[in-house]
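There are 2 protein chains.
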Amino acid sequence: MTIKQSITLADVATKAGVSKMTASRALRGTGDVSKANVELVRRAARDLGYVGNHLATSLSSQRSVLVGVVVPSLTNIVFAEVLSGIANALEGSGKQAVFGVSDYDPDTEYDVIRNMLSWRPAGLIVTGLEQSADTLKLLRNAEVPVVQIMDLDGDAVDACVGISHAEAGHTMASALLAEGRKRIAYIGCGLERDTRAAKRFRGFKNALIDEGIGLAGERIETGPSTIAVGRALTAQLLADQPDLDCIYYSNDDLAAGGLFHCLSANIDVPGTLRLAGFNGLDLVDSLPKGVATTRTPRREIGIAAARIILDVENGANPPRRVAYTPEIHMP
Amino acid sequence: MTIKQSITLADVATKAGVSKMTASRALRGTGDVSKANVELVRRAARDLGYVGNHLATSLSSQRSVLVGVVVPSLTNIVFAEVLSGIANALEGSGKQAVFGVSDYDPDTEYDVIRNMLSWRPAGLIVTGLEQSADTLKLLRNAEVPVVQIMDLDGDAVDACVGISHAEAGHTMASALLAEGRKRIAYIGCGLERDTRAAKRFRGFKNALIDEGIGLAGERIETGPSTIAVGRALTAQLLADQPDLDCIYYSNDDLAAGGLFHCLSANIDVPGTLRLAGFNGLDLVDSLPKGVATTRTPRREIGIAAARIILDVENGANPPRRVAYTPEIHMP
DNA sequence: GCTGGTACCGATACCGGTATCGGTACCAGC
DNA sequence: GCTGGTACCGATACCGGTATCGGTACCAGC
């Protein structure tokens, strides 16, 4: 799209009868400009409907107002909440978040990050600690603060904010064992791309093995983890193994689906069968019968990540690792 | 953030032993450059880790690669799906979506749109047909294609894509009446800011009045519409009016909450009480007992809006109004 | 009357690219 | 040998701002 002829600072300056430079200073409120001229310039800008050009400002001043954020999915409420936290933390700072979606695909992630870097952002927030070698190189050479979020199990390029998913899986296993569950199965989807879910699963499985119990069954599928899929997989698993007393899911959506199956099948939850998910979604709080879950501080993670970028900007020396402890909720 | 000294096209050109202009042409694949030089430039760029500068490119070429998108909320899955559709439709076009969130606040919306315009986008996609006078002025003067999405009930600044919410409410009322429901109540949240929900409500109410039935009760609250709120309001409403045989909600989340209450209270749904929501979320499909809903083509709306921007860009003359007919689902 | 400081302002260069125009080398064709 | 076309390339100006430097006017102080 060719940008239409629009009002520039030069037009404003001409109308106000001052130089471009004075108009620039007047509108930004920097430097010495007489009150009379500030008023003239402001009026001219308003009358002309002048809208500044960030492209020119950023290029000229060598300052960036953008913070690039890369998440694997937008339609997952978890990442939407992270974004929301980032946007809130950035409010009033003069910085603006730009979002990119990787669709859980490493090549797409590379492209998205490269594209973000071409806007010369003030910082980059990316999801997870696992990136392709090319992407890592890009991030290391970026010369801007990079915050990796959601995960702590691994090495960060620069800074990271999140929780340990291995630990989250382990803790849930302990809680379920403490509740007296013995025949525990697992249902998960998309572990091949969702490395954090895979880490939870490993932490969970290892905890059971350490206790000498082991996993009583598992159902792992590729593809998205939706309520409907959770329902179907639960039905399948229970058809094979009706004696289970607990199912751990890779997330709350699957667990909610599991609960809906149990409601239809008249299975007592959590009496006969305990279900457990992950995330602590609103959905789970509202379910008629409780599903255990691990609450994750999604907004807080977004806020903390944004703060790190702002702090670096302001010359402060923010922490390189912000760890949250997920909280188990077992109604 | 001061942008660190980074590799520029001049560096690449020097390393490749050609002029900036030839390097520029080589990397963009435009104009006449000898194969040998293309290879030299590409290699130099790769070796130096050159990442182009969109700021400079856009400013210089007077071409924009950004499409600004303003939605009221990110944590509402409905808008997340719209964004997802937009992002997909833009893929491969060289355009990139930038998202802004208005939080349902007209002043914030103005600021967000103004901010977007300062990036000189190729087009703007904004939610809804109701904007403040200042915002409308901004949009009209924008000199870029503006697509208003989600709603058709009103006048568009430029183009619009969506459904008629008044009609959606009306249609649902007809369907519920056709099912034999007689004592129909309404539960809604945040109608003061969600003008589309308010339009559905009016359409619904008017349809009932036309049939000489009228609304048997209503519970309208400010604030967010979550599953938990839907559950609480349903409990309250039914405590006052236990004889209702139908409740229409402003959306699916509230309706799901209503269903969860009914499950706890052992109310037969939809036998004794029919619940109806709006949106057609995955959630509803998976609920143990059906809740009626109106499916909205969210991804399609996003795709159609993005296509309009791209079409205008390409000199085509896209439709100014794309209407979808929502489909009622009544399990 | 001269000096020095303050308030205010503008000329100029520059950010990192691309559009545009024109130039050179080379070869085919007569 | 001259002409005209093609392939290829670079100089220059420019996009719309801001950083930087220096200049002028004016007044206080001695």
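These protein sequence lines are chains A and B, in that order.
All residue numbers for the first sequence refer to numbering that gives the first Met the number 0, where the first residue is 0 and numbers rise by one.
All residue numbers for the second sequence refer to numbering that gives the first Met the number 0, where the first residue is 0 and numbers rise by one.
Ideal placement from N, C-alpha and C gives every residue a C-beta, glycine not left out.
In terms of beta-carbon proximity, I76/A lines the interface with chain B, with at least one pair separated by less than 8 Å. R320/A is bridged by DSSP to C159/A.
Q130/A has a beta carbon lying at 8 Å or more from every beta carbon in chain B. A direct Cα-Cα distance of roughly 28 Å separates L274/A from V160/A.
Per DSSP, reduced to three states, the secondary structure at I302/B is helical. Under a criterion of Cβ atoms nearer than 7 Å, the residues of chain B adjacent to F98/A are, in order, F98. Contact between I246/B and A184/B holds, since their C-beta atoms are separated by about 5 Å, short of 8 Å. Chain-order list of chain B residues neighbouring P287/A: F259, L262 and S263, by C-beta distance under 7 Å.
If you ignore the 5 residues before and after V145/B, its C-beta comes within less than 6 Å of the C-beta of L123, L138, V156 and D157, all in its own chain and listed in chain order. With respect to the C-alpha of V283/B, the residue from D252/A, D193/A and G279/A having the closest C-alpha is D252/A.
The Cβ atoms of A215/B and R182/B sit closer than 8 Å to each other. Ranked by Cα distance from L47/B, the options E220/B, S101/B, A35/B and S5/B are led by S5/B.
Chain A places a beta carbon closer than 8 Å to that of N140/B, counting this residue as a contact. Excluding the 5 residues flanking it on each side, S92/B has same chain C-beta neighbours closer than 7 Å at L309, in chain order.
Shown here, M115/A sits in a helix according to DSSP, grouped into three states. Within the same chain, A275 and M329 come within 6 Å of A291/A by CB-CB distance, once the 5 residues on both sides are set aside. Shown in chain order are the members of the stretch 51 to 67 of chain A whose Cβ falls below 7 Å from a Cβ of chain B: G51, N52, H53, L54, A55, S57, L58, Q61, R62 and S63. With its beta carbon at least 8 Å from every one in chain A, E220/B lies outside the interface.
R180/B carries a coil assignment under DSSP once its states are collapsed to helix, strand and coil. Taking 8 Å as the cut-off, the Cβ atoms of S224/B and S249/B count as close. Residues S63 of the same chain have their beta carbon placed closer than 6 Å to that of S57/B, with the five preceding and five following residues left out of the count. Shortest Cα-Cα distance from G179/A to any of G270/A, A305/A, S163/A and G16/A involves G270/A. As the crow flies, the alpha-carbon of V40/B is around 30 Å from that of W118/B.
In this structure, DSSP gives F98/B an extended state, which the three-state scheme calls strand. Under the three-state reduction of DSSP output, R192/B falls in the coil class, being neither helix nor strand. Residue-level contact check: D281/B touches chain A, since one or more beta carbons of chain A fall below 8 Å from its beta carbon.
At least one C-beta of chain B is nearer than 8 Å to the C-beta of E80/A. Listed along chain B, the residues sitting closer than 8 Å to R230/A by beta-carbon distance are S285. Judged by beta-carbon spacing, A304/B lies within the 8 Å limit of I85/B, meaning their Cβ atoms are closer than that value. Looking at the backbone, the Cα of F277/B and that of V68/B are separated by about 23 Å. Bounds of the beta strand (DSSP E) holding V70/B are L65 to V70. Taking G153/B as the centre and dropping the five residues before and after it, the same chain places the C-beta of L128 closer than 6 Å to its C-beta, in chain order. Taking 8 Å as the CB threshold, T225/B lines the interface with chain A. Counted as a single uninterrupted DSSP element, the beta strand (DSSP E) harbouring Q147/B occupies residues V145 to D150. Of all residues in the stretch 13 to 38 of chain A, none comes within less than 7 Å of chain B when Cβ atoms are compared.
For the C-beta of Q95/A, the chain B residues within less than 7 Å are, from N- to C-terminus, N114.
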